[in-house]
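Below: one structure, written as C-alpha cells.
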Amino acid sequence: MVIIARETLEITSDVAELATIRGFLRSFATDRDADKLNEEEMAQLELAVNEAAANVMKHAYMGRTDRPLRVEMSSDDKAVTVCLIHKGETFERRDVPPPSFDGSRDNGFGVYLIENCVDTVEYSENSAGEQCVNLTKFFSSN
C-alpha cells in the first residue's frame, strides 16, 4: 500500500491536549485524502484515538502533564492509521481484564472501546525504544 498522506503532531501529555488531537484528526481526515470515512466511522476513530491518548497520559505517563506525545497520522487507499508514540511505561494488553458490564467495576472500559471502534490495534516498541499504539480504521468502501 502506498501512503497517500502523512501528518505529525507533537504535544505534551496534558489532558487539555486531547481536544488538539481530535481537531488534528478531523482536519487530517477532511483536508487529506483520508475523507473516505463516513461520519460514523470518523466518530469511532475519534473516540478510539481520544481514549488511547488519554490512557497514555493517565497510565503510561502516570498523570504527568509535561511528557512528549507524538501523533502520526497516515492514510492509504484502504485505511487511516493513527500512531501514538510516547516514552512512558510499556502497556501489556494481556494484563487488562475484560470490562465488567454488571456494574461491579467502573473502570476498564477504555481498551474495550478502543478495540471495538477501530479495525486493528497494535502495541509495540519502535527502534528508538519509544512505545507505539497503532490504531487502524479501514474505509467501508474497501
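Numbered per the working numbering, the sequence shown spans residues 46 to 187. Each residue gets a CB set at the ideal place from its N, CA and C atoms; glycine is no exception.
With respect to V163, L90 sits close: the two C-beta atoms are nearer than 8 Å. It is roughly 11 Å from the alpha-carbon of E167 to the alpha-carbon of V127. Minimum Cα-Cα distance from E55 among the listed residues I66, E85, G155 corresponds to I66. Ranked by Cα distance from G153, the first of R71, E170, P143, E160 is P143. By the neighbour-count definition (other C-beta atoms within 10 Å, threshold 16), M102 is a buried residue.
Between E175 and K132, the alpha-carbon positions lie close to 5 Å from each other.
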